[in-house]
Amino acid sequence: MDCAVCHNPMITLELDDVETDYCLSCRGIWLDEGELEQLLGDTQRALDLLGSFTAADNCTEELRRCPICGKKMEKVFVGPPAGQVLIDRCKKAHGLWFDRGELEAVLHLGRFDSEGKIPKLLGQFFKNPETKGNPAPS
Amino acid sequence: MWQQIRINKRNSLLLLMGMGTVLASLGFLIGAAIGGVEAGWIGILVASGIWLIMMLTSYFGGDQILLASSRAVAVTPDVHPQLFNIVEEMKIAAGLPKLPKIYIINDPAPNAFATGRNPENASVAVTAGLLARLNRDELQGVIAHEVSHIVHRDILFVTLAGVMLGTIVLISQLFLRGMFYSSLSGRRYSSRNSRDGGAQAILMLVAIVLAILAPIFAYLLYFALSRRREYLADAGAVRLTRYPEGLASALEKIAGTNINMESANKVTAPMYIANPFRGKKAAVNLYSTHPPIEERIRILRNMSHGAALADYEQSYESVTRKKGMIPGSALNDESVEIRAASADKRPVSESRQKREMGDLMRKVNGFSFLACPCGIKMKIPPNFPSGQIQCPRCSRVHTVDKGKIKTSA
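Protein sequence lines correspond, in order, to chains A and B.
At position 21 of the first sequence (counting the first as 1) the number is 21 in our numbering, and the numbers step up by one without a gap.
At position 130 of the second sequence (counting the first as 1) the number is 268 in our numbering, and the numbers step up by one without a gap.
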C-alpha cells in the first residue's frame with residue numbers, strides 16, 4: 001500500500017494486537033475500516049468521538065486518494081466544534097487517513113492518554129517525532 | 139476404487155465427446171445459415187479445429203490457465219508449514235505418486251480447488267481466508283477432499299470441460315452478436331438468393347435457437363456431473379482422514395461466511411470445494427454447481443459407524459432418501475474406524491484471524507517481517523526502496539532482509 005500523500009510504500013506496524021499502516025517519510029498513518037474503533041475500544045467516550053464525524057464540505061485542502069481503491073477521499077471534521085481535527089475518509093469506507101500528528105490530536109480530543117493500549121503503540125511514536133537519521137526513501 | 143475411477147474416466151470422455159458434438163453441430167448450423175450446406179461443412183471443420191486446439195491447450199496448460207485466472211501464487215513451505223505438512227500427509231494416505239504443487243489465492247473468502255492433468259501433474263490451491271479460519275482437522279478435511287478429486291481424476295475432467303465450455307459460450311456469443319449487427323444492416327442474405335431463401339431462413343432459425351441452447355445445455359451437463367463429484371470427493375475425504383467431523387465443520391465455516399470470491403468466475407466456479415458465489419440464496423436446481431452445503435454437512439455428521447466409503451453411502455441414502463452413487467466395487471472396501479479429534483482447537487478472535495490472514499497474504503506477496511526488540515513488529519513491502527529501516531518507536535536501525543521470505547512464483 002502506498003502513502004496517500006507522498007506515494008512511498010508504507011510499512012505495517014503491529015503492537016499488542018493493533019495494526020496500523022505508517023509512512024516513514026511523511027509520518028502519515030492509515031487506519032483500515034474498523035481499526036480506529038479497535039484502537040479506541042467501546043467506551044462511551046470512544047463512541048462519542050466516533051459519532052462526531054461531520055463532513056467538511058467547503059474545505060480547500062487538497063483531496064487525497066484512498067490507498068486501497070484510489071478514489072478521492074472526503075474531508076471530515078472529528079471532535080467537538082471547539083477543537084476540530086480535519087482528517088480524510090474514504091467514501092467507500094476503506095479507512096481513514098491521518099496526516100502527521102493528526103491521529104495524536106484526535107486521540108488527545110478524546111483524552112485516551114490514560115488507557116494503556118494507545119499510548120503504548122502511538123504515544124511512543126510521538127515521543128520522538130523528530131527522530132533524525134531515518135533513512136529517507138528516495 | 140478402480141471401477142469408480144474408470145467410470146469417471148469414461149464420463150470425462152463422454153462429456154468431451156458430447157461437447158465436441160455440440161460444438162460441431164453448432165459450427166455446421168452457423169455455417170449453413172450463413173452460406174448454405176457447403177459452408178456448413180466448413181463450419182464443422184472450423185469448429186473441430188477450434189475444439190482440437192482448445193483441447194490440446196487445456197490438456198497441457200489448462201491448469202496453468204485456471205490457476206493464473208484465479209490469481210493463485212505458488213508458495214514454498216516456509217509461508218505456511220502446516221499446509222505443506224497436511225498435503226504431504228494426505229499425499230501419503232491417498233498414495234499419490236508426487237506431492238501436488240501448492241498455491242495460495244489472495245482472497246479473504248474461504249475456498250479451495252484442485253486442478254491438473256493427472257496425479258503426477260496436480261495442483262492444490264487454497265485461499266488465505268481458508269487458512270486463517272480453519273484449524274488443523276478442518277484444513278485436513280478440505281485438503282483430503284481436494285486430494286480425492288485428484289485421485290478420482292476429476293481434475294482433468296473439470297479442467298477440460300471448463301475450457302471447452304468457455305469455447306462454446308464464446309462461439310455462441312460471437313454468433314449472436316454477429317446476427318444482431320448483420321440484421322441491422324438489412325436483409326442481404328435472403329434477397330441475394332431467393333431460391334433457397336426459405337431453407338436458409340429455417341436454418342438460420344435453428345442456428346439461433348441452438349446458439350441460445352448450447353451454452354445452457356453445456357452448463358447443465360457440466361454442473362450436473364460436478365455435483366455428483368462433490369459427494370464422491372467428500373466420501374473419499376472421510377476415508378482418507380477417518381474424521382468426518384473435520385470436513386463437516388470446515389464446510390460449516392465456509393458456508394457461514396458471506397463473502398463472494400473476487401478471483402472466481404462462472405467457468406472456474408465448479409472447481410471450488412464450495413460455490414464461490416453466495417450472497418443470494420439460490421434454490422437448488424439443475425443449474426447449481428454444488429450440492430447444498432447443509433446437506434453435505436448432514437451426511438457427514440450422520441456417519442457414526444465408520445469412515446469407509448460404504449458408511450458414507452449409507453449415510454447419503456438415509457439423509458437424501460435417494461439411491462447411493464458410489465460404484466459397487468468400491469463399497470467392498472476394508473472397514474475404516476473414525477478417529478478422535480486432534481488437539482488443535484485454537485479458539486481465536488475475529489480480529490486476530492483477520493490479522494493472521496493479512497500476514498499470510500503479505501508473506502505470499504513477498505513482504506519481509508521484522509521484530510524490533512522494543513516489541514513492535516514491522517511488515518515491510520517488497521517495493522520498499524531502502525535497505526535500512528528505523529523503528530518509529532525506539533529509533534533502532536534495522537537492516538531489511540529482503541531475501542528472507544520469498545515465494546517461488
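Ideal Cβ placement from N, Cα and C applies to all residues, glycine included.
Determine, using beta carbons only, whether B:Lys517 comes closer than 8 Å to chain A. yes
C-alpha gap between B:Phe295 and B:Met228, whole angstroms: 21 Å
Own chain residues within Cβ distance below 6 Å of A:Val5, not counting five before or after: Cys26 and Gly28
Using a C-beta cutoff of 8 Å, does A:Pro9 count as contacting chain B? yes
Are the C-beta of A:Gln38 and some C-beta of chain B separated by less than 8 Å? yes
Chain B contact residues for A:Glu14, given Cβ-Cβ distances below 9 Å: Arg493, Asp497, Ile514, Lys515, Met516 and Lys517
Give me, in chain order, the residues of the same chain whose beta-carbon lies closer than 6 Å to that of A:Ala105; leave out the 5 immediate sequence neighbours on both sides. Val85
Can the beta-carbon of B:Arg434 be found closer than 8 Å to that of B:Leu389? yes
Roughly how far, in whole angstroms, is the beta-carbon of B:Thr253 from the beta-carbon of B:Leu205, given that I think they are within contact range, below 8 Å? 6 Å
Could you give the distance in angstroms between the alpha-carbon of B:Pro530 and the alpha-carbon of A:Leu24? 8 Å
Contact between the segment 264 to 273 of chain B and the segment 237 to 255 of chain B: three or more CB pairs below 8 Å? yes
Check whether the Cβ atoms of B:Cys510 and B:Arg493 sit closer than 8 Å, and answer yes or no. no
Starting from B:Gln528, trace the beta strand (DSSP E) both ways and give me its first and last residue. Gln526 to Gln528
Kindly indicate if chain B contains any beta-carbon less than 8 Å away from that of A:Asp99. no
Does the Cβ-Cβ distance between B:Ala170 and B:Ala162 come in under 8 Å? no
According to DSSP, is A:Gly10 part of a helix, a strand, or is it coil? In the sequence as displayed, the identity of residue 10 of chain A is Met instead of Gly. Of the three classes helix, strand and coil, the one that applies to A:Met10 here is coil, per DSSP.
What residue range is occupied by the uninterrupted alpha helix (DSSP H) comprising B:Gly384? Pro382 to Gly394
Nonlocal neighbours in the same chain, by C-beta distance under 8 Å from B:Ala421, ignoring five residues either side: No answer about B:Ala421 holds up, because its pLDDT of 41 lies below 50 and its placement is not dependable.
State buried or exposed for B:Gln311, treating a residue as buried only when at least 16 other CB atoms are found within 10 Å of its CB. exposed
Please list the partners that A:Asp17 has in chain B, where partner means a Cβ-to-Cβ separation under 8 Å. Ser489, Arg490 and Arg493
Please state if the CB of B:Ile476 and the CB of B:Pro382 are separated by a distance shorter than 8 Å. yes
Along chain A, in chain order, which residues have C-beta atoms closer than 8 Å to that of B:Pro219? The contacting residues do not exist; B:Pro219 stays about 21 Å from chain A at best.
Pop quiz: B:Ala373 and B:Val289 are said to be a contact at Cβ under 8 Å. What is the actual Cβ separation, rounded to whole angstroms? The Cβ separation is near 12 Å, so there is no contact.
Note down, in chain order, each residue of its chain lying with its Cβ closer than 6 Å to the Cβ of B:Met342, except the 5 sequence neighbours on either side. Ala171
Could you pull the start and end residues of the beta strand (DSSP E) that A:Glu74 belongs to? Glu74 to Val78
Continuous alpha helix (DSSP H) stretch holding B:Gly267: start and end: Ala266 to Arg271
Which one of A:Met73, A:Leu50, A:Cys69 and A:Ser52 has the shortest CA to CA distance from A:Glu61? A:Met73
Please check if any C-beta of chain B sits within less than 8 Å of the C-beta of A:Cys3. no
Do you know offhand how far B:Ile527's Cα is from B:Met516's? 10 Å
Quick one: what does DSSP say B:Asn242 is sitting in, helix, strand or coil? The sequence shown places Ile at residue 242 of chain B, rather than the Asn named in the question. It is a strand residue.
Within-8 Å CB hit, B:Pro511 to chain A: no
Below-8 Å beta-carbon distance, B:Pro246 vs any chain A residue: no
Across the segment 236 to 246 of chain B and the segment 179 to 192 of chain B, are there enough close Cβ pairs to call them in contact, namely three or more that are closer than 8 Å? no
Looking at the secondary structure, which residues open and close the alpha helix (DSSP H) in which B:Ile437 lies? Ile431 to Arg439
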